[in-house]
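Single-structure report; data block below.
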Amino acid sequence: MVQNLHQIVHSVTYTLEQKDEHAFQENIKDLQKYDLTRIFLELSSGEQKLFLEFISIHQLADILSELDGDNQRKVIDMISPHTGTLVITQMNNDDLIEMLSNLGEKKATELLSDTDEEFSQDIETLMEYPPETAGRIMNNQMVWINKSYSVREAVDKLKHFAELAEYLNYLYVIDNDKKLVGVVSYRDLLLADLPQKIEDIMKTRIVTVDAMMDQEEVARIIQRYNFVTIPVVDEEERLLGIVTVDDILDVVYQEAEEDIEKFSASGKAIDFNTKPFTAAKRRLTWLVLLLFIGIVSGSIIASFEETLEQVVALAFFMPMVAGMTGNTGTQSLAVVIRGLTKERVNTKQVLKLLYRELRVGIIIGLTCGALIFVIAYLWQGSAILGLVIGTSLLCTLIIGTLAGTIIPLVLNRLNVDPAVASGPLITTINDILSLLIYFGIATAFLSHLM
1 MVQNLHQIVH SVTYTLEQKD EHAFQENIKD LQKYDLTRIF LELSSGEQKL FLEFISIHQL
61 ADILSELDGD NQRKVIDMIS PHTGTLVITQ MNNDDLIEML SNLGEKKATE LLSDTDEEFS
121 QDIETLMEYP PETAGRIMNN QMVWINKSYS VREAVDKLKH FAELAEYLNY LYVIDNDKKL
181 VGVVSYRDLL LADLPQKIED IMKTRIVTVD AMMDQEEVAR IIQRYNFVTI PVVDEEERLL
241 GIVTVDDILD VVYQEAEEDI EKFSASGKAI DFNTKPFTAA KRRLTWLVLL LFIGIVSGSI
301 IASFEETLEQ VVALAFFMPM VAGMTGNTGT QSLAVVIRGL TKERVNTKQV LKLLYRELRV
361 GIIIGLTCGA LIFVIAYLWQ GSAILGLVIG TSLLCTLIIG TLAGTIIPLV LNRLNVDPAV
421 ASGPLITTIN DILSLLIYFG IATAFLSHLM
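So that you can map any letter, position 264 of the sequence shown is 264 in full-length UniProt numbering, and since no number is skipped, the others follow by simple counting.
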């Protein structure tokens, strides 16, 4: 598809220019919704309007589920209110909730106003769940069966509601109070005798998530158990819906983007289309703060001016020591943040991690320290200078590694997102520490360096 996309866009554009709906349908038939969406985004506004008139309501629902918030608003404005009402009833509830959240309360109310009362009430109930919780991303359009059903009755129901069976892996079993009591795989259903009761073949040990659970924790559970879907229940164990793996992939992508933004201290999302002024404004807060912190580094250098004047060669290695310390701190920070997104850590794990990172820092410090000792000796012809720089690098790399480990762990302990301990912040802090250590050791050996 990727190789032929340009050709298909060209063909679709031609059929739109000719207003040939039959040829248009021939060009787009059998395309995946992702590819259909990419083609739509390649078209001009006029072509997009005609494109939306030619596609089916089901295809329009697929496209809306793939678009971002800005393009969803654009499409909704292009179509008639009647078409908008029809299309939202074709969307999966989880995709619809996300779109309505993007559109805003006023537009969402307008779209829901012409739908039947049961549908709109159902959607409004889902939207009451807090953002980034299992309840907000779950789909309540699914096939469930009662434990009193026979296998034949379960199969008949599945056939009747086949359009709701997005993932053909499990059937969730409830009792008369709508409490989740079991799960049946489609394989077990297929192999069972038709007269058998569902309660005789179902598994009763079920992994569930609460509707109020954070979406990141839901992602961890699905990853841990390799599930394709997971049931969502309320405090009374009543089945509310399911979270599917495609929604979890969106969650993982979204959370990763947020962490990268915080990690790089760039604030809100900045992409290729962000305007220069907006991009600069989103970056400035952190950078101005780091600028003032960076002044501390300058004052440290100024306070050791006499040492620098007497041994000018120290200035040659100063950027390297500061840079290496910042780099190792950022590496440790990335490792810790990645670990914290996968699991919750306890005191034993923290101590184990700190001990490991201490050893890592020592190994890296000894290796780099020995290497810079040789380089400094060969370059400047002074073993003492090499020893000062090598020892400084050993100490700063150990401290930098530990700083990059401890800071996110402390923030996590304080229930603050550890990703805010961004790379630039760690680098700046380690610059200050490395300069203090470097010039402190150099000053101590000053008489031997001259």
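Each residue gets a CB set at the ideal place from its N, CA and C atoms; glycine is no exception.
In this structure Ser392 is in contact with Ile437, their Cβ atoms being roughly 6 Å apart against a cut-off of 8 Å. By the Cβ test, the region 293 to 300 is not in contact with the region 373 to 388, since fewer than three Cβ pairs between them sit closer than 8 Å. The beta-bridge partner set that DSSP reports for Ser150 consists of Lys197. Trp144 is bridged by DSSP to Tyr172.
For Pro276, the three-state secondary structure derived from DSSP is helix. Judged by DSSP in its simplified three-state form, Gly104 adopts coil rather than helix or strand. For Pro131, there is no enclosing alpha helix (DSSP H), as DSSP gives it neither H nor E. By the neighbour-count criterion, in which 16 or more other beta carbons inside 10 Å mark a residue as buried, Ala280 falls on the exposed side.
In the three-state reduction of the DSSP assignment, Ser299 falls in the helix class, which pools H, G and I. Bounds of the alpha helix (DSSP H) holding Ser45 are Ser45 to Phe54. For Thr391, there is no enclosing beta strand (DSSP E); the enclosing alpha helix (DSSP H) covers residues Ala383 to Arg413. Within 10 angstroms of the beta-carbon of Ala134 lie 16 or more other beta-carbons, which makes it buried. In the structure shown, Thr244 adopts extended strand secondary structure according to DSSP, grouped into three states.
DSSP links Leu435 through a beta bridge to no other residue.
Assignment of beta-bridge partners to Val209 by DSSP yields Val232.
Minimum Cα-Cα distance from Leu249 among the listed residues Leu308, Val218 and Glu237 corresponds to Val218. Under DSSP, the beta-bridge partners assigned to Ser185 are Tyr170. Under the criterion of beta carbons closer than 8 Å, Ile39 and Val75 do not qualify as touching, at roughly 14 Å. In this structure, the straight-line span from the alpha carbon of Val143 to that of Ala108 is close to 27 Å.
When rounded, the separation of the alpha-carbon atoms in Asp247 and Thr208 is 16 Å.
Around the beta carbon of Thr428, a 10 Å sphere encloses 16 or more other beta carbons of the protein chains shown; the residue is thus reported as buried. Counting only residues of its own chain and dropping the five nearest sequence neighbours on each side, Leu239 has a CB closer than 7 Å to the CB of Trp144, Tyr172, Ile174, Lys178, Leu180, Pro231 and Val233. Sequence-distant partners of Ile63 (beyond 5 residues in either direction) whose C-beta falls short of 8 Å from its own C-beta, in its chain, are Lys33, Leu36, Thr37, Phe40, Ile55 and Val75. In the three-state scheme derived from DSSP, where H, G and I count as helix and E and B as strand, Leu60 is classed as helix. Taken in chain order, the complete alpha helix (DSSP H) segments of 4 residues or longer contained in the region 312 to 372 are 313 to 342. Under the DSSP definition of a beta bridge, Asn139 partners with Ile242.
Distance from the Cα of Asp431 is smallest, within the candidate group Val410, Ala403 and Ala442, for Ala403. Measuring C-alpha to C-alpha distances from Phe445 to each of Ile407, Leu387, Thr396 and Gln48 identifies Leu387 as the nearest.
DSSP, read as helix, strand or coil, puts Lys179 in strand.
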